[in-house]
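First up is the structure itself, then whatever we jot down about it.
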Amino acid sequence: MKGIKIELLGIAIIPLGIAVTTNNFLGYVLGVLGFGVAVVGCFLKDNH
1289 MKGIKIELLG IAIIPLGIAV TTNNFLGYVL GVLGFGVAVV GCFLKDNH
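First residue of the sequence shown: 1289, per our numbering; consecutive thereafter.
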């Protein structure tokens, strides 16, 4: 399961990079927020 989490974190970096390259404050905020959710999801413990 650890490999899947790291893969999803890597995939989350792509939209973050797209959001940062735009000159839109809302894009910055939502990109960082989405990346933060992905990071928190990686460190949460699974119920299985």
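Each residue gets a CB set at the ideal place from its N, CA and C atoms; glycine is no exception. Since the model is a prediction, treat every value here as computed from it, not as a measurement.
Do Leu1332 and Gly1319 have their CB atoms nearer than 8 Å? no
Item to complete: Would you kindly report the start and end of the unbroken alpha helix (DSSP H) that includes Leu1318?
Response: Phe1313 to Phe1331
Item to complete: Identify whether Thr1310 lies in helix, strand or coil by the three-state DSSP scheme.
Response: coil
*asked:* Measuring straight from C-alpha to C-alpha, what distance separates Cys1330 and Ile1292?
replied: 9 Å
- Proximity below 8 Å, CB of Val1327 to CB of Leu1297: yes
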